[in-house]
Amino acid sequence: MEIRGNPSNKMQNSSGKEKLKEFLYVEQLIRENKYTEAFQILTEFVKKETLPLNDKVSSLFLQGRLLLWLGRIKESLNIAEQAYKESLGLEKCHQTIDLLNLMALSLNFLDRFDEARELIKQSEDLFKTITKEPSSESIRIEAFLNYVKGFILTQDDVDQGLKYLEYSVSLWEKINATIDEDQIKLDPLKQSDLVLYPITIMSIGMAMNLKGNLDLSIKYFKKGLAIAKEIKNKFGIAVMFHSLGSTYHLKGEIDLALKFFEKSLKLFKEIDNKAQTAVVFRSIGALLSEKGEYDHALKNLEKSLAIYKEIRLPSWILNSLANLIEISLKTDDPEQAQQYFQRFKQIAEQFNDDNIVLWRNLLEAMILKNSPRTRNRAKAEEIFKHIIEKEGIHPPSFHHPTSFETYMTALIHLCDLLLLELRSTNELEVLDELKHYITLLLETAEKSDSYMILCESYLFQAKLSLLNYDIKTAKRFLTQSHQIAERHGLIQLAMKISNENEVLLTKLEFWEKLKESGAPMADRLELARLDEHIIRLIQNHPAIKTQVSEEKVAIHTEKKICLVCRGDVIKFSYICECGAIYCENCARALTNLENVCWVCETQIDSLKPIKSFKEEKVKVKLEETKKK
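Okay, here's the thing in structure tokens:
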């Protein structure tokens, strides 16, 4: 069987009509999403001693791809390695390039990133030898190569990875424009190629997630979903559903996210993809944990853990164990958390990975922080500070938190510890230290486009300002937090911030009385509800991350960036005499708030009066009087 070129003639020449019938059936099974049955037929086929080498290599490659769809990653890698060795005996290197790319993809899923990148380099070098005369076959190979390279690169350099993914999409579109339906029915591998177009589109959506552009990523996922539905590929549809669920989760739209996760789970079970079934169970568990449904969350995470153990994916097991540790701490079960942590440490010892060492230290500190003993909390604070002060961000892993995420989580938990200390000591020195780390959290979130964390950080800054009775600054931070949430589609968070603003307005008089009476820090902390906020930040902090390259920083100096929402100013804007730039929405929000530039206090709209916060307080009192 020759799957490339003119498959009909070549299969007839090598295998005859009987074998052609077999492979027509394989194509049909793939079209019907019966991947296990298709794999089994191919397994029997490659055992035949009379099988030409070309046909054997092609069949093994298809087996490897089907195994990826089934979530059997290690098996896929083993078959691809076998096929690669066999392919070296072929006259042409087309299939060798495909196999290098397939191996790189599997290695990436297994967290073996350096090996994956090396294979991509080999694949590129080989591809250069066949591009002298472009053909439909070389275009297909190039499309697959650019997809794999782009997918892997986005984990280190989002913008660079995007270039390859977008180029891959353009090639798939060119291929689809000249597609021959009759030829696909004769070629099971071409049938399996069809899903790579929507999968590549989905990968662009994932990259947009990393850049913090959630609304745009949803558009890509929906486009990929429409194409996957059109070709009726259940694997493609399932991964789109999960990607949509993950993104709506980031946006704070929990119920909608759960619906997509459940749809994804159903399809992955139908195609018997255990690895992805476990991934979805874990996603559902993490989501239910945020909703406070801890019993259901634990059940889903335990299911995820059991599957990971069954299919022997140690780096994926660490994810579920980490989630289980966090839930055990939330439900005040330190003994259970410690048991999960011991299992985490045993598995972590298998890896020589700085990211996992940081991750282990973070989990240990979280357990110590939960202890009632002062000594343990002091040790936790020491570990958190060590993580924060540790220089260098290591290459991220696709399946466990990057050092960046560990860093952000350590910052959040350290702020929580300092808040506890502030409540018990009332010392301004502790307040200053807390402000320092909140500022660090804010700066890091901004540099990394972690907009949810950025909003929460500004909200926290607003409440810290209240502790010093600085109502004006508090209002500004609330406004900035709200504008960022709206700009980046964080609808639920924007509503929450609006509510915080309303609460502040109703309590202005109380703050005035506290200021006059010189109220202790404990009373101010209670009124500011900082404890509630830090708890929410700990429980609900999916970091949206991207690596900041020098190129990206340089570009920012040329772009117009809004001072408030930190977004690009593309169309209408207000530029103050001092040089501060505001997008149209933020300029309008500031005009309604106080009508002055936040940098130089210059009036923004000359036709409207400048609003002081004393006037705001009078306005609130008048509104309360009207209600009475």
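Everything in the sequence shown is counted per our numbering, starting at 14 for the first residue and increasing by one. For each residue, glycine too, the CB sits at the ideal point set by N, CA and C.
{"query": "Hey, quick one: how far does the alpha helix (DSSP H) through I152 stretch, first residue to last?", "result": "S149 to L166"}
{"query": "Could you tell me which of M534, I284, F254 and V612 sits nearest to S296, measuring between CA atoms?", "result": "F254"}
{"query": "Span of the alpha helix (DSSP H) holding Y177?", "result": "V171 to A190"}
{"query": "So, is P201 buried or exposed, given that buried needs 16 or more other C-beta atoms within 10 angstroms?", "result": "buried"}
{"query": "In angstroms, rounded to a whole number, what distance separates the CA positions of R380 and K134?", "result": "It is Ile, not Arg, that sits at residue 380 in the sequence shown. The alpha-carbon atoms of I380 and K134 are separated by roughly 43 angstroms."}
{"query": "Run the CB neighbour count on Q505, radius 10 Å, all protein chains shown included, and call it buried at 16 or more, exposed below.", "result": "exposed"}
{"query": "Touch check for the region 328-337 and the region 350-364: three-plus C-beta pairs under 8 angstroms?", "result": "yes"}
{"query": "Relative to the alpha-carbon of S136, which residue among L444, Q108 and R325 has its alpha-carbon at the smallest distance?", "result": "Q108"}
{"query": "Apply the 10 Å Cβ neighbour rule to R388 and answer buried if 16 or more other Cβ atoms are within range, or exposed otherwise.", "result": "exposed"}
{"query": "For V582 versus C596, is the C-beta distance shorter than 8 angstroms?", "result": "yes"}
{"query": "Could you check the C-alpha separation between G502 and D228 for me, to the nearest Å?", "result": "6 angstroms"}
{"query": "For S478 and D445, I'd like the C-alpha separation in whole angstroms.", "result": "11 angstroms"}
{"query": "Could you tell me which residues DSSP puts in a beta bridge with I574?", "result": "D581"}
{"query": "Please classify D345: is it buried, with 16 or more other beta-carbons within 10 angstroms of its beta-carbon, or exposed?", "result": "exposed"}
{"query": "Buried or exposed for L66, going by 16 or more other Cβ atoms inside 10 Å?", "result": "exposed"}
{"query": "Give a yes or no on whether the C-beta atoms belonging to S72 and L90 are separated by under 8 angstroms.", "result": "no"}
{"query": "Thinking just about the alpha-carbon of each residue, which of Y177, L83, A602 and K485 is nearest to the one in N286?", "result": "L83"}
{"query": "If you draw a straight line from the alpha carbon of S148 to that of T213, how long is it in whole angstroms?", "result": "21 angstroms"}
{"query": "So, for E499: in the same chain, excluding its five sequence neighbours on each side, which residues have a beta-carbon less than 6 angstroms away from its beta-carbon?", "result": "A507"}
{"query": "To the nearest angstrom, how far is it from the Cα of I165 to the Cα of C591?", "result": "43 angstroms"}
{"query": "If the criterion is Cβ atoms closer than 8 angstroms, does the pair H426 and A391 meet it?", "result": "no"}
{"query": "By DSSP, does V612 sit in helix, in strand, or in coil?", "result": "coil"}
{"query": "Between L431, M421 and A602, which lies nearest to K488 when the distance is taken from Cα to Cα?", "result": "A602"}
{"query": "Which word fits I588, buried or exposed, when buried means at least 16 other C-beta atoms lie within 10 angstroms of its C-beta?", "result": "exposed"}
{"query": "I need the straight-line Cα distance from K203 to L158, nearest angstrom please.", "result": "16 angstroms"}
{"query": "Nearest to E99 by CA position, among V70, C599 and S216, is which residue?", "result": "V70"}
{"query": "With distances taken Cα to Cα, identify the nearest neighbour of L278 among K509, V293 and Y97.", "result": "V293"}
{"query": "Per DSSP, what kind of secondary structure is H412 in: helix, strand or coil?", "result": "Since pLDDT at H412 reaches only 43, below the 50 mark, its modelled position is unreliable, and the value read off the structure follows with that caveat. Coil, per DSSP."}
{"query": "Is there contact here, the region 208-226 with the region 167-176, by at least three beta-carbon pairs under 8 angstroms?", "result": "yes"}
{"query": "Could you check which residue in I43, M534 and P327 has the C-alpha nearest to that of L441?", "result": "M534"}
{"query": "Below 7 angstroms CB to CB, which residues in the same chain sit around K282 once its five sequence neighbours on both sides are set aside?", "result": "T290"}
{"query": "With DSSP collapsed to three states, give me the class of Y587.", "result": "strand"}
{"query": "Do you know offhand how far E402's Cα is from S470's?", "result": "19 angstroms"}
{"query": "Which whole-angstrom value describes the C-beta separation of L103 and Q76, a residue pair presumed to lie in contact below a C-beta threshold of 8 angstroms?", "result": "At roughly 17 angstroms, the Cβ-Cβ gap does not stay under 8 angstroms, so L103 and Q76 are not in contact."}
{"query": "To the nearest whole angstrom, what separates the beta carbons of L301 and H309, a pair I think is in contact under 8 angstroms?", "result": "5 angstroms"}
{"query": "Can you tell which of K528, Q496 and S530 has the C-alpha that lies nearest to the C-alpha of N514?", "result": "Q496"}
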